[in-house]
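First the structure, in the form of structure tokens, and then the observations on it.
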Amino acid sequence: MLDGVAEKKQHEQTSPKIATKSNDDESSHQGQQQQQQVATAPTSASQCDSQQSVDNGATTKTSQQFQLSQFELVRILNSNSTHKSVALLGHFRDLSREHQAIVTLEKTAFTEAQVQTTGESERNSFFSAKSQLRTEFINDVYGNFQCLADPEINQLKVTIIYPASEKHIVKFAAQPKHLFEETAEDYQTVTLPHLEQEQLSLEWLYNVLEHRKEQDRIVFEDPADDGTGFILLPDLKWDGKTLEQLYLLALVHPRRIKSLRDLTAEHLPLLRNIRDRGTEAIRKRYGIGADKLRVYLHYQPTFYHLHVHFTFLQHDPPGIQCEKSHLLATVIGNLELLPDYYQKATLSCVFKETDKLYGKLKAATEGGEEEPESKRVKLE
Numbered sequence: 021m022l023d024g025v026a027e028k029k030q031h032e033q034t035s036p037k038i039a040t041k042s043n044d045d046e047s048s049h050q051g052q053q054q055q056q057q058v059a060t061a062p063t064s065a066s067q068c069d070s071q072q073s074v075d076n077g078a079t080t081k082t083s084q085q086f087q088l089s090q091f092e093l094v095r096i097l098n099s100n101s102t103h104k105s106v107a108l109l110g111h112f113r114d115l116s117r118e119h120q121a122i123v124t125l126e127k128t129a130f131t132e133a134q135v136q137t138t139g140e141s142e143r144n145s146f147f148s149a150k151s152q153l154r155t156e157f158i159n160d161v162y163g164n165f166q167c168l169a170d171p172e173i174n175q176l177k178v179t180i181i182y183p184a185s186e187k188h189i190v191k192f193a194a195q196p197k198h199l200f201e202e203t204a205e206d207y208q209t210v211t212l213p214h215l216e217q218e219q220l221s222l223e224w225l226y227n228v229l230e231h232r233k234e235q236d237r238i239v240f241e242d243p244a245d246d247g248t249g250f251i252l253l254p255d256l257k258w259d260g261k262t263l264e265q266l267y268l269l270a271l272v273h274p275r276r277i278k279s280l281r282d283l284t285a286e287h288l289p290l291l292r293n294i295r296d297r298g299t300e301a302i303r304k305r306y307g308i309g310a311d312k313l314r315v316y317l318h319y320q321p322t323f324y325h326l327h328v329h330f331t332f333l334q335h336d337p338p339g340i341q342c343e344k345s346h347l348l349a350t351v352i353g354n355l356e357l358l359p360d361y362y363q364k365a366t367l368s369c370v371f372k373e374t375d376k377l378y379g380k381l382k383a384a385t386e387g388g389e390e391e392p393e394s395k396r397v398k399l400e
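Put into structure tokens, the structure is as follows:
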């Protein structure tokens, strides 16, 4: 399916700042390490401009320009042929050789206007005089070609994380993965203490919740102060325009709900409100009904402030695998049956091999008498 939202220019939006793994206790931000600046924009040239100001307690960073021509590659962190993307580690020579940067490049999706062959839209179409074919081979009725297209429509989505922390590098780097079955005891004795020790600032998220940043990108907000309020806005992985790749996040207003593990029957009104009002907001804004949406939570999440994912059912974004995602409808059903289900359940988690939390869980498990075969499985 091609993008049919070209006419809805008033809804075009850029993606939100990247999520960083952290605890959601507001007091933990005092004395935290420097907030990361993230810029994301489509580009067809060698320049990517960011006009963002980033708050870091009492310190405010002024806007910066990122020149891709000044980026010096250190190594390729990951290359994904399925998603047509690559993550690069390096630094900007004109900014600082001490501070590392992560730059991701991603091919953008085709739009309906880009494949038109008649009318005014042909000027910005692949089927125009600006597109040139180079023959690779022709055999009978089959022909393979390389197309040199107009740079105006052959853009890349560029995301920059600067300065990038070691946790960002681990997150983006390709590594072997492991499946771990986290028990309720594992969570209390290993995972929770780890989250309280290894945390990054969630200031970017609080900036959104308090309307200090990104107000124009909010798709919907329920400001209720009874514990059911949330904000709905585009995820980093969505360009805000291509309906086929629709991806939004609901960020809850309550600040002490870290993840699925904290949910009880007390939170059912919040979860139902996100389900009902979130899907209705998407239907009104983008014309996509609830029966065409995948609504779910991650465990382990990327950052530890409760959030819910909304993606188009025909789109296969990262993180929808059964070992990581939990459908919101299932979560609600489990809590209706057993109010403290997620305080008792054993939950599957996928970790990269160098993840510190995985190392701690593995060490705690191996410290016992015997490790069950099903406890830890390496994913090839």
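Position one of the sequence shown corresponds to residue 21 (this note's numbering), numbered consecutively onward.
Positions of the beta carbon are idealized from the N, C-alpha and C atoms, including for glycine.
Given this structure, state the Cα-to-Cα distance separating S145 from Q175, to the nearest angstrom.
13 Å
Can you give me the C-alpha to C-alpha distance between S42 and L381, rounded to a whole angstrom?
Caution applies to S42, whose pLDDT of 35 falls short of 50 and renders its modelled position unreliable; the value that the coordinates give is listed next. Each residue's Cα considered, the two are about 18 Å apart.
Residues in its own chain within less than 8 Å of K150 by CB, not counting five upstream and five downstream?
A169, D170
Selection from Q120, K177, T350, T331 that minimises the alpha carbon distance to S105:
K177
Return the first residue and the last residue of the beta strand (DSSP E) that I180 is part of.
Per DSSP, I180 is one residue of the beta strand (DSSP E) stretching across 176 to 182.
On a CA-only basis, which of A285, T374, K376 is nearest Y361? Give me that one, please.
A285
Cβ of Y267 within 8 Å of Cβ of T331?
Yes, they are a contact pair.
Which two residues bound the contiguous beta strand (DSSP E) that contains D336?
D336 -> no beta strand (DSSP E), and no H or E assigned at all.
Given 8 Å, three or more beta-carbon pairs between the region 257 to 275 and the region 227 to 246
Taking a cut-off of 8 Å for Cβ pairs, the region 257 to 275 and the region 227 to 246 touch, as three or more such pairs fall below it.
Completely contained alpha helix (DSSP H) runs for the region 254 to 331, where each covers 4 or more residues
If we require 4 residues or more, the alpha helix (DSSP H) runs fully inside the region 254 to 331 come out as 288 to 306.
Separation of Q265 from L313, as counted between CA atoms
Counting only the Cα atoms, Q265 lies some 11 Å from L313.
Using a threshold of 8 Å, state whether the C-beta atoms of Q195 and K372 are closer than that.
yes
Starting from K372, follow its DSSP beta bridges and name the residues at the other end.
K197
So for F192, helix, strand or coil by DSSP?
Three-state result, F192: helix.
Which value, in whole angstroms, describes the spacing of the CA atoms of L367 and R295?
22 Å
Bridge partners of A107, per DSSP?
N98, T124
Of the residues L355, T131, I173, which one's Cα is nearest the Cα of P289?
Its Cα nearest to that of P289, the residue L355 stands out among L355, T131, I173.
Name the DSSP bridge partner or partners of V115?
The sequence given here has Leu at residue 115, not Val. L115 is not bridged to any residue.
Do H325 and K410 count as a contact pair if the criterion is CB distance below 8 Å?
No answer is possible for residue 410: it lies beyond the span of the chain, which begins at 21 and ends at 400.
Measuring alpha carbon to alpha carbon, tell me which residue in P321, R281, F250, G339 is nearest R297.
F250
Looking only at its chain, what residues have a beta carbon closer than 6 Å to the beta carbon of T203, apart from the 5 residues adjacent to it on each side?
T366
Given a threshold of 16 other Cβ atoms within 10 Å of its Cβ, counted over all protein chains shown, does K261 qualify as buried or as exposed?
It counts as buried.
Measure the C-alpha to C-alpha separation of L125 and R305 and round it to an integer number of angstroms.
Near 28 Å, if we compare the C-alpha coordinates of R305 and L125.
I think I122 touches H188, with their Cβ atoms under 8 Å apart; what is that distance to the nearest whole Å?
6 Å
Beta-bridge partners of G379, as assigned by DSSP:
Answer by DSSP bridge pairing: none, since G379 is not bridged.
Local Cβ density within 10 Å of A383, reported as buried at 16 or more and exposed below that:
Result: exposed.
Closest Cα partner of G387 within the set H346, L357, V210:
V210
Tell me the DSSP secondary structure of Q57 in three-state form.
Unreliable positioning characterises Q57 in this predicted model, as indicated by a pLDDT of 45, which lies under 50. A coordinate reading is not provided.
Tell me whether S345 sits in a helix, a strand or coil according to DSSP, three-state version.
strand
V135 to L263 span [Cα, whole Å]:
16 Å
Does the distance from the CB of V239 to the CB of L291 come in under 8 Å?
no
For S101 and A107, I'd like the C-alpha separation in whole angstroms.
12 Å
Pull up the distance between the alpha-carbon of G247 and that of E172, whole angstroms please.
If you take the alpha carbons of G247 and E172, they lie about 46 Å apart.
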